[in-house]
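Comments concern the structure below.
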Amino acid sequence: MAEESPGTEYAIKQVGDRFFPVIIDKAAGGHYEIKNPLTGGSLSYNNPEAAEDYIERAKRKDGEGRAGS
């Protein structure tokens, strides 16, 4: 499993019936919604499992990027 950086973690924010994967930046004291490249809006899912799958893929990709640096 990829390690998150000390100031960053991933979470799911629920708004109504939608689930938004977000990046929490502890150093900045805020969170960022992830942009949907197809619509230009925020990435969201209608079920929590899909949002959780996205977060797991993002963690793996983030870990691969750090391993190469």
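If you read the sequence shown in our numbering, its first letter stands for residue 1252, the second for the next number, and so on. Where a beta carbon is used, it is the ideal one built from N, C-alpha and C, also for glycine. Predicted model, so just to flag it, every value in this text is computed and none were measured.
Worksheet item: Got a sec, what are the start and stop residues for the beta strand (DSSP E) Y1283 sits in?
Response: As a working mapping, residue 1283 is identified with position 32 in the sequence shown. Per DSSP, Y1283 belongs to the beta strand (DSSP E) from 1281-1284.
Practice prompt. Determine the direct distance from the alpha carbon of R1311 to that of V1273, and round the result to whole angstroms.
Written response: Counting from 1 along the sequence shown, the entry for residue 1273 is found at position 22. Counting from 1 along the sequence shown, the entry for residue 1311 is found at position 60. Taking the straight line from one Cα to the other gives about 15 Å.
Discussion item. Looking at the secondary structure, which residues open and close the beta strand (DSSP E) in which Y1261 lies?
Written reply: As a working note, residue 1261 is residue 10 in the sequence shown. First-last of the beta strand (DSSP E) with Y1261: 1259-1266.
Worksheet entry | C-alpha gap between S1293 and D1276, whole angstroms | One-based indexing of the sequence shown puts residue 1293 at position 42. One-based indexing of the sequence shown puts residue 1276 at position 25. Going by the C-alpha atoms only, they are around 17 Å apart.
Discussion item. For D1276, list the residues DSSP reports as bridge partners.
Written reply: The count along the sequence shown starts at 1 and reaches residue 1276 at position 25. Paired residues: T1259, G1281.
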